[in-house]
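Asks:
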């Protein structure tokens with residue numbers, strides 16, 4: 001069971017802080033999403049806590065950032081953007097922070113490739129990239145105790161180090 005003040009990853013909302021645990025009428029976590037324009041308090045049944053997972057630790061976050069350039073890109077598995085989008089949305093809901101970082105990197109690369117050929121990237125690509133980058137930046141920022149902008153700078157520094165070596 002999670003404790004008040006602890007950070008967890010909600011399958012749909014991303015990183016949330018446990019604000020309270022209510023017992024009546026059934027045991028429920030009261031979660032407040034981190035970030036977002038207008039966060040709303042979410043009630044989540046304690047009985048379903050298997051769908052929540054704790055935020056990764058600082059050491060894991062530093063490891064993911066250090067290995068960022070080595071993370072493999074996902075291959076295009078379907079000709080349908082809708083099927084591809086559904087597959088990655090499911091992976092974001094059920095996957096780890098490393099999965100979210102890998103998906104964001106994959107779609108950032110795909111968007112850059114499409115733009116390089118003077119075409120407009122599919123909306124599905126931009127949607128998946130936005131979701132994956134928000135989810136991964138939130139979790140890495142909370143794990144390291146820094147802002148999302150600081151995490152972006154750390155990822156850029158990791159890429160530059162890889163280019164220079």
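Numbering (full-length UniProt numbering), first residue to last: 1 to 165.
From the three backbone atoms N, C-alpha and C, an ideal C-beta is built for every residue, glycine too.
(1) With a cut-off of 8 Å on the beta carbons, I'd call residue 104 and residue 77 a contact; round off their distance for me.
(2) Cβ atoms of residue 74 and residue 108: under 9 Å apart, would you say?
(3) Could you please give the first and the last residue of the uninterrupted alpha helix (DSSP H) stretch that includes residue 156?
(4) Quick check on this structure: which residue in 63, 53, 110 has the alpha carbon closest to the alpha carbon of residue 158?
(5) What are the residues that DSSP puts in a beta bridge with residue 39?
(6) Let's see if you can read the secondary structure: which residues bound the alpha helix (DSSP H) around residue 144?
(7) Can you give me the start and stop residues for the alpha helix (DSSP H) that residue 5 sits inside?
(8) If you reduce the DSSP assignment to three classes, tell me which class residue 31 lands in.
(9) Taking the C-alpha atoms as reference points, what is the distance between residue 28 and residue 117?
(10) According to DSSP, simplified to helix, strand and coil, what is residue 93?
(11) Note down, in chain order, each residue of its chain lying with its Cβ closer than 8 Å to the Cβ of residue 48, except the 5 sequence neighbours on either side.
(12) With DSSP as the reference, label residue 17 as helix, strand or coil.
(13) Nearest CA to the CA of residue 8: which residue from 37, 46, 153, 25?
(14) With DSSP as the reference, please indicate the residues paired to residue 53 in a beta bridge.
(15) Would the region 135–150 count as touching the region 48–59 if we require 3 or more Cβ pairs under 8 Å?
(16) Suppose you measure from the CA of residue 148 to the CA of residue 34; what does that come to, to the nearest Å?
(17) What does a CB cutoff of less than 8 Å around residue 31 pick up in its chain, not counting 5 residues either side in sequence?
Replies: Based on what the coordinates show:
(1) The C-beta separation of residue 104 from residue 77 comes to about 17 Å, leaving the pair out of contact by the 8 Å criterion.
(2) Taking 9 Å as the Cβ cut-off, residue 108 and residue 74 do not qualify as a contacting pair.
(3) 148–164
(4) 63
(5) Answer by DSSP bridge pairing: none, since residue 39 is not bridged.
(6) 123–144
(7) Neither: residue 5 is in no alpha helix (DSSP H) and is coded neither H nor E.
(8) strand
(9) Using only the alpha carbons, I get a separation of about 50 Å.
(10) helix
(11) Same-chain partners within the cutoff: there are none.
(12) strand
(13) Of the listed residues, the one whose Cα sits closest to residue 8 is 46.
(14) 9
(15) yes
(16) The straight-line gap from Cα to Cα measures roughly 11 Å.
(17) 8, 10, 13, 16, 17, 18, 19, 41, 42, 43, 44.
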